[in-house]
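Here's the structure, in structure tokens; my notes come after.
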Amino acid sequence: MTAIVSTLKSLPFTQLRRNRYFYLWYDGFYAAVCATLLLAMYFSGHKPLLASWDPRMWLLLPLACQAQILCSVYIHNATHNNFPRAVNRLIGEVCGVVVLTRFASWEVIHQRHHRYSDDLDKDPHPVGPSYWKFLVDTIVNVERQLQKIYFDLYGDTPETRRYEKNRAYVSYATNILLIATWYTFLGPIAFFGLFVPASLVGFFHLVHFNWSTHNAFSKDGDFKPVNLNHGYYRIGNWLWHGIYMHANHHKRAGMFNPAKLQPSLPITPPPSA
Numbered sequence: 002m003t004a005i006v007s008t009l010k011s012l013p014f015t016q017l018r019r020n021r022y023f024y025l026w027y028d029g030f031y032a033a034v035c036a037t038l039l040l041a042m043y044f045s046g047h048k049p050l051l052a053s054w055d056p057r058m059w060l061l062l063p064l065a066c067q068a069q070i071l072c073s074v075y076i077h078n079a080t081h082n083n084f085p086r087a088v089n090r091l092i093g094e095v096c097g098v099v100v101l102t103r104f105a106s107w108e109v110i111h112q113r114h115h116r117y118s119d120d121l122d123k124d125p126h127p128v129g130p131s132y133w134k135f136l137v138d139t140i141v142n143v144e145r146q147l148q149k150i151y152f153d154l155y156g157d158t159p160e161t162r163r164y165e166k167n168r169a170y171v172s173y174a175t176n177i178l179l180i181a182t183w184y185t186f187l188g189p190i191a192f193f194g195l196f197v198p199a200s201l202v203g204f205f206h207l208v209h210f211n212w213s214t215h216n217a218f219s220k221d222g223d224f225k226p227v228n229l230n231h232g233y234y235r236i237g238n239w240l241w242h243g244i245y246m247h248a249n250h251h252k253r254a255g256m257f258n259p260a261k262l263q264p265s266l267p268i269t270p271p272p273s274a
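Per the working numbering, residue 2 is the first one in the sequence shown, and the count goes up by one each step.
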């Protein structure tokens, strides 16, 4: 029991450092849970949440988008242990299921981002001037950096490369099972009418957040964490617990709302200012 409690309270990267097979156990657990839920819904005759589309459901889409974005904000805070320890891992895992990444990949990658912020080779998402190129690079880079993290810990050998190749297949298969579970639970109407659009909005927002808060508008390529608090960003700081005060976050990651840091680091003016 003590070992279970310790596991549920520690962060995934800590467990990866202790157990080289952590990811197989982690993804295997999620795969088993998803497969069990799929079978349970199939044999119990589970009915979709929505049998037909009602135009009034469009009113729920902004709320679904807000829920997706907040899940990204909360999983980010869980990554830094900013919730009470008793529930921090639980909140991270729940939010990870909603945003489809699962908590472990998010936390492990984000820890590397803080360690190697804006390092072109080691940061999982180093910033450049183009948002769309940054978006593509982010998608491609996550898997590459997960492999590099493993090689840093356990060596870059033929054996570890084979392991990482198999680990990636298990992770992709688990993602498919997780998406299938959401689809079966929600039904095609709620899945494609609410969950998919909200997930896309949440993803594009997350990428834009990472891009904009590392000084993407810098004309001289001075990419670094910055505080933004004008226009849209001011509204975003109000809605999403100060997330655009990103220089403050990199200075003190253990704050749930970095806008409350005192004294605050300078706020970067609008590009036209």
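Here a beta-carbon is modelled for each residue, glycine too, at the ideal position from N, C-alpha and C. No experiment lies behind these values; they were computed from the predicted model shown.
Of the residues the options, the one placed nearest residue i, counting alpha carbons only
| i | options | result |
| --- | --- | --- |
| S11 | G46, N83, L50 | N83 |
| H215 | N249, I140, I177, L154 | N249 |
| D120 | N142, A105, V197, W107 | N142 |
Span separating the alpha-carbon of residue i from that of residue j
| i | j | result |
| --- | --- | --- |
| V208 | Y184 | 24 Å |
| C96 | D138 | 24 Å |
| V128 | Y170 | 28 Å |
| M42 | R103 | 22 Å |
| K134 | A217 | 12 Å |
| R253 | R86 | 18 Å |
| A199 | P270 | 30 Å |
| T281 | R18 | This structure cannot speak to residue 281, because the chain is shown only from 2 to 274. |
| R132 | L61 | Reading off the sequence shown, one finds Tyr at residue 132, where the question assumed Arg. Rounded to the nearest angstrom, the two C-alpha atoms are 28 Å apart. |
| G255 | F44 | 45 Å |
| F30 | P259 | 34 Å |
| G194 | K166 | 35 Å |
| P272 | G232 | 12 Å |
| Y117 | F192 | 37 Å |
| H242 | V74 | 8 Å |
Beta-carbon gap between residue i and residue j smaller than 9 Å
| i | j | result |
| --- | --- | --- |
| I190 | L38 | no |
| F257 | N89 | no |
| R57 | Y164 | no |
| L262 | C35 | no |
| C72 | V109 | no |
Assigned exposure category for residue i - 16 Cβ within 10 Å defines buried
| i | result |
| --- | --- |
| F14 | buried |
| D28 | buried |
| R168 | buried |
Opposing strand residues paired with residue i [DSSP bridges]
| i | result |
| --- | --- |
| N228 | M246, I268 |
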